[in-house]
Structure formats: structure tokens, C-alpha cells
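The numbering of the sequence shown is the numbering used here, which starts it at 1096 and goes up by one.
Contents: one structure, followed by commentary.
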Amino acid sequence: MSAIELRALRKRYPPREPGGAPQDLWRGLELTVGEGEFVAIEGQSGTGKSTLLHVVGGLDRAYEGEVLVLGERLRGLSDARLAALRHARIGFVFQSFNLLAELTALENVLLPDYFGDGVPDAERRAREGLARVGLADKASSRPMALSGGERQRVAIARALLSRPPLLLADEPTGNLDARTGEGIIDLFRELHRDGMTLLVVTHEVRVSRAASRVLVLREGALFPDPRLEGSA
Ligand SMILES: Nc1ncnc2c1ncn2[C@@H]1O[C@H](COP(=O)(O)OP(=O)(O)OP(=O)(O)O)[C@@H](O)[C@H]1O
Ligand SMILES: [Mg+2]
């Protein structure tokens, strides 16, 4: 079984002006990600990288084509089944963190426990997760009191709470200084070594180097990384 399969995936946005033609974001994306692969996706702003992660993560259901995630055909799932798949088996790190301002770092990490079917031993795991991203001492801080990089790390700890087999991350090192970014990349390497499947959108060559495969989203299609061509 593959972790992710995309077949003729298209995303249509309404016309920019009334009476205009609808905008097709992609020409029909094709992708197979095997279990345990670490795939990096690069591409210019506006090519639809975040949109792609949202579709794979079951957050955006308005698409054409087929999407299979962890053996499930997303289109066939009821809202409840899709939510269960998301909560238990897919970790999502958003480009904009999506932390709740009124909650502490620890409570933000625990959100999947509140909203899903519950995570065993959630608080201990949440504290371990915060320690793993170097934030053991910030458990009681609210997002306003954290730097951009610290917020990003809280978001990563939250995505890992349910120990999902699949992690989707949108520019996870985008707001981090070089050293903190390196720590996150090391964490991703470790997760990959432990068998997790990772699909990571990035502009950073250091992230791509840690990946087992790099793809570029360009002109509405996914291409192998040109820098690696001929090197295999
Ligand atoms: N609701 C919407 N209605 C119309 N167009 C939209 C909508 N949401 C996104 N788009 C368009 O879809 C395209 C892709 O957006 P997306 O955020 O996926 O790009 P991206 O590759 O992640 O960019 P970045 O690198 O800047 O994060 C953009 O041109 C955007 O304007
Ligand atoms: Mg984006």
C-alpha cells in the first residue's frame, strides 16, 4: 500500500472577474508516495503547494481527480470518517501555525486529544513532544509570548501528538533561525528513520537534502528536482 496516491488531481477556483473563465490550478497532478518515504515539495509562490497539502490532509474537499491517503479514498469517506482519519493518522503543520491564542503551549499541543477520539496518556506525551522540540520550559506560555520559531515548534509537537503514520508540513522551517531549523530537520530525519511518511513543502535546500525525494511543483505539474537529475 502506498501512503499517498494522487490521480489527475485538479483544483478549480472561480473566475477572477464575473463572466471570466474558472482558474485551474493544476493540469492534473500524479503522485505516488510510498510508506516511509520523506518527500519534499518545492515550487514558487502561488503554484498551489499549500492547497495540495490541504487536499491530501482532507481539509479541502473541493477537487477533481482521485486522492488516496493511507489506503483510504478520501472522496468516499463521510465527514466523520474523514475527521477520524485526520485526527488519528495525519499530523498537519500549517504554514500559519493555527495556534489558539487563549491556550498555553501545552494546551495547544493537546488539542488533538480534545477534538479527536482521545489520545492515550495525552498529557505525558504532550510534555514529551514539547521537550522534543526544545520547549519543555514553555509549556505554560501562550502563543503571544512565544517567538515565531517557538510557535512553529509548538505546532510541530501538536502534529505529532497522536503519533500519526503520516506527517504533512507546510514550510516547517520558514520562520526559524538556522540552528533551530537544523533541530527540526534532525527531528524529521529521526521520524523518517522510525518509519513515518513525510510530505513537506519547503523552500529550504537543507530540508530537501534530508528528504528521500524532491519534487518541484511548476506549470501545474510535479517534476523531479532538476538539481538531482543524472545524479542517481
Ligand atoms: N479561495 C480561493 N479562491 C481563489 N483563488 C485561491 C483561493 N485560495 C487560493 N487561491 C489561489 O490558488 C493559488 C495557490 O495558492 P497556495 O496558497 O496553495 O500557493 P502556495 O504554493 O502555497 O504559495 P506560497 O509559496 O506563497 O505559500 C494562488 O494563486 C491563490 O491565489
Ligand atoms: Mg503556501
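Every residue, glycine too, gets a C-beta built ideally from N, C-alpha and C.
No experiment lies behind these values; they were computed from the predicted model shown.
Backbone CA spacing between residue i and residue j [nearest angstrom]
i	j	result
glutamate 1130	alanine 1200	31 Å
alanine 1264	proline 1113	35 Å
alanine 1305	glycine 1278	12 Å
lysine 1106	isoleucine 1099	17 Å
arginine 1274	glutamate 1299	13 Å
leucine 1169	valine 1128	16 Å
proline 1321	glycine 1141	20 Å
alanine 1178	glycine 1153	8 Å
glycine 1213	glutamate 1202	14 Å
proline 1215	leucine 1206	13 Å
glycine 1276	arginine 1227	14 Å
phenylalanine 1210	aspartate 1174	14 Å
valine 1151	tryptophan 1121	15 Å
leucine 1101	isoleucine 1280	26 Å
arginine 1284	glutamate 1197	32 Å
alanine 1217	glutamate 1314	43 Å
tyrosine 1158	serine 1145	14 Å
alanine 1234	arginine 1219	12 Å
Residue i beta carbon near ligand 1 (any heavy atom closer than 7 Å)
i	result
tyrosine 1158	no
glutamine 1190	yes
serine 1140	yes
tyrosine 1108	yes
Cβ shell of residue i (< 8 Å), same chain only, five flanking positions each side left out
i	result
serine 1326	Below a pLDDT of 50, predicted positions are generally treated as unreliable, and serine 1326, at 48, falls in that range; no measurement from the model is reported.
proline 1110	Ala1116, Pro1117, Gln1118
Assumed close pair residue i, residue j - CB separation to whole angstroms, cut-off 8 Å
i	j	result
arginine 1246	phenylalanine 1192	5 Å
leucine 1294	leucine 1172	So it is not a contact: roughly 19 Å between Cβ atoms.
threonine 1292	glutamate 1137	18 Å between Cβ atoms; not a contact.
glycine 1186	proline 1259	4 Å
leucine 1317	leucine 1124	6 Å
leucine 1312	glycine 1143	6 Å
arginine 1184	leucine 1165	6 Å
glutamate 1132	arginine 1308	6 Å
Residue burial classification, residue i (beta-carbon count within 10 angstroms, cutoff 16)
i	result
serine 1303	buried
arginine 1248	buried
methionine 1239	exposed
aspartate 1208	buried
arginine 1391	No answer is possible for residue 1391: it lies beyond the span of the chain, which begins at 1096 and ends at 1327.
alanine 1116	exposed
leucine 1241	buried
leucine 1194	buried
tyrosine 1108	exposed
alanine 1092	A query on residue 1092 cannot be resolved here, the shown segment of the chain reaching from 1096 to 1327 and no further.
Beta-carbon contacts of residue i that lie in its chain and below 7 Å, excluding the five residues immediately before and after
i	result
proline 1319	Leu1310
valine 1204	Ala1221, Gly1224, Leu1225, Val1249, Ala1252, Arg1253, Leu1256
glycine 1229	Arg1248, Gly1278
asparagine 1270	Gly1243, Gly1244, Gln1247
serine 1236	Thr1199, Ala1200
Proximity test, residue i beta-carbon vs ligand 2 heavy atom, cut-off 7 Å
i	result
lysine 1144	yes
aspartate 1265	yes
Check: residue i C-beta below 7 Å from any heavy atom of ligand 3
i	result
leucine 1120	No copy of ligand 3 occurs in the structure displayed; its ligands are ligand 1 and ligand 2 alone.
Residues near residue i by beta carbon distance below 6 Å, same chain, minus five either side
i	result
alanine 1103	Gly1123, Gly1160
arginine 1288	none
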